[in-house]
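Structure, as structure tokens:
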Amino acid sequence: MAAPDGPLVVGVDSSTQSTKALVVDAATGTVVARGQAPHVVSPEGDSDPGQWWQALGEALDQCGPVVREAAAVSVAGQQHGLVTLDGEGRPVRNALLWNDTRSAPQRERLIEELGGAQWWARRAGSVPPTSFTVTKWAWLREHEPQAAAATRAVRLPHDYLTGRLTGQEVSGGTTDRGDASGTGWWSTESEAYDPEILGHVGLDPELLPRVVPAGEPAGTVRSGLPLPEGILVAGGTGDNMAGALGLGLLPGRPVLSLGTSGTVYAVAGRRPADDSGVVAGFADAGRNWLPLACTLNCTVAVDRFAALLGLDREAVEAGGEAVVLPFLDGERTPDLPYASGLLTGLRHDTTGGQVLQAAYDGAVFALLEALDRVLDADADPAEPILLIGGGARGVAWRETVRRLSGRPVVVPRAQELVALGAAAQAAGLLLGRDASAVAREWNTAEGPAYEAVDRDEAALRRLSTALDDAGALLSRP
Ligand SMILES: Nc1ncnc2c1ncn2[C@@H]1O[C@H](COP(=O)(O)OP(=O)(O)O)[C@@H](O)[C@H]1O
Ligand SMILES: O=C(CO)[C@@H](O)[C@H](O)COP(=O)(O)O
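Sequential numbering from 1 applies to the sequence shown in full-length UniProt numbering.
As structure tokens, this is what we get:
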């Protein structure tokens, strides 16, 4: 390994399927070492926070001895998960994750009881979907009151890991404004925890972490870990906010992320408040905003179709009129938490490859439908989509996005943009600089560009019609 130009920092991405760690040269953004370890999600949609911590340790170990030279670290994590800790910092139960739709009835009641969609959009920036932490807390109180009563600290996944790094699991625990904005109990209007919402769901604000402002540390690394004791720990953030940081994203540039979740987002200077509920009005990890739409069924759902058909994920075929609404986990965009997957338009000559292509189309369609709401009305329609996440490595994903969007697409060469964003946050803290500006100097958004092609209007029409016609079937609890 050539000597790094600057100090080394560690960026962590603890997402749904795995934890990834990168050791990065803060001066150039060069990735010096990397590690990754998987997580298990239970069939109910729970995950043991202890295994995220274990996976983080394994990922750091895989980075090798260079990790002991790091000068700062930051953790980005899957958003919204409800982590409940006892007084010793041990999980009271498994975490309820963002893609678990069990809290759909509580969510419906919450929206109604607290003034409806417009009230929520104005106050919290979002009409909470079942993903949001507030709906999960309401579910826990109703279904497992003993677990709720035993809880002494409520954390998000990235808060939990940050707390274990600093040793402040319960008292002194921290979060950041980006991830806090996905709880439903942090007001984007006042930029503070909302006493009325917390009171309504019976959550004591004392159980919540302190919101660390951008550019300030959460603490320092405690002793006994693979990282050097005493190095700076940045505030961390949600994985999508870290993706935006990792790209050094400027307002108006659309990002489409293809991972367990599909997300489409852009940085905005103005606070979003979409009362249709399609766009979540998140804060970003700095001082801006991050309007975002998210689907529950993306790469994992399409891989499931490939497995069912016995095909490689790239074995798509054009043609035919099959339509797949791949809502295997219920869906958030469109708002159909009770839905299951739907396949229609089959003929004797439909091939497996065409059905697989239809699954890609169904997954991408929902995200593109939301894109116009995410972007400002005056956004340039010729601005390329930045395609990131594990799916961005796949040709079938990329070509589906091109064909259904009619936009140019850029696939950044840098991989693991969420972990890179966390690394940029750590570097920004260490160097006293804006994290997004640091990532821009790393040129993380550069990569092969693919021209716009004509939009496949016929496929989009078929999908839209199937969605309208299947309304009753997809809405039934
Ligand atoms: N070469 C590839 N082609 C297409 N898809 C891929 C490829 N490699 C990984 N993936 C997809 O990426 C997904 C994981 O993406 P990732 O962004 O790491 O997910 P998450 O952050 O949600 O854990 C897997 O579900 C897999 O389907
Ligand atoms: O719920 C959302 C965004 O609102 C998801 O994007 C989660 O943050 C999970 O992310 P991945 O594990 O798919 O990266």
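Even for Gly, the Cβ is constructed at its ideal location relative to N, Cα and C.
Taking the Cβ of aspartate 179 as the reference point, every heavy atom of ligand 1 lies at 7 angstroms or farther away. The straight-line gap separating the alpha-carbon atoms of leucine 96 and glycine 330 is approximately 15 angstroms. The beta carbons of alanine 104 and isoleucine 197 sit about 18 angstroms from each other, so the pair does not count as a contact at 8 angstroms. In the three-state reduction of the DSSP assignment, proline 195 falls in the helix class. Residue nearest to glycine 35 within the set Asp61, Ala214, Ser171 is Asp61 (criterion: CA-CA distance). In terms of Cα proximity to histidine 39, the closest of Ala285, Val24, Val32, Gly57 is Gly57. Alanine 322 has its alpha-carbon roughly 39 angstroms from the corresponding atom of glycine 421. Relative to ligand 2, glutamine 415 has its C-beta separated by 7 angstroms or more from all heavy atoms. Between the region 151-158 and the region 116-123 there are fewer than three C-beta pairs closer than 8 angstroms, too few to call the two in contact. Around the beta carbon of valine 395, a 10 Å sphere encloses fewer than 16 other beta carbons of the protein chains shown; the residue is thus reported as exposed. Shown here for glycine 230: same chain residues with a beta carbon closer than 8 angstroms to its own, the five before and five after excluded, namely Thr220, Val221 in chain order. In this structure glycine 6 touches alanine 26 by the C-beta definition: roughly 4 angstroms separates them, less than 8 angstroms. The continuous beta strand (DSSP E) containing proline 291 extends over residues 289-295. The residue among Gln78, Gln357, Gly199 with its C-alpha nearest the C-alpha of serine 47 is Gln78. For secondary structure counted as the beta strand (DSSP E) over 3 or more consecutive residues, the region 117-192 holds these complete runs in sequence order: 153-155. Runs of the alpha helix (DSSP H) lying entirely within the region 297-352, each at least 4 residues long, are 299-309 in chain order.
Fewer than three Cβ pairs drawn from the region 205-212 and the region 130-145 lie within less than 8 angstroms of each other, which leaves the two stretches out of contact. A distance below 8 angstroms separates the beta carbons of valine 411 and proline 448. Proline 326 sits close to glycine 362, with the two beta carbons spaced by under 8 angstroms. Distance from the Cα of alanine 458 is smallest, within the candidate group Ala318, Ala72, Arg304, for Ala318.
Around the beta carbon of leucine 308, a 10 Å sphere encloses fewer than 16 other beta carbons of the protein chains shown; the residue is thus reported as exposed. By the Cβ neighbour-count rule, threonine 465 is exposed, with fewer than 16 other Cβ atoms within 10 Å of its own. Closest by C-alpha distance to asparagine 94, out of Pro43, Ala315, Gly238, is Pro43. With 16 or more other Cβ atoms from the protein chains shown falling within 10 Å of its own Cβ, arginine 398 counts as buried. For leucine 8 against valine 31, the beta-carbon gap comes to about 11 angstroms, at or over 8 angstroms, which does not count as contact.
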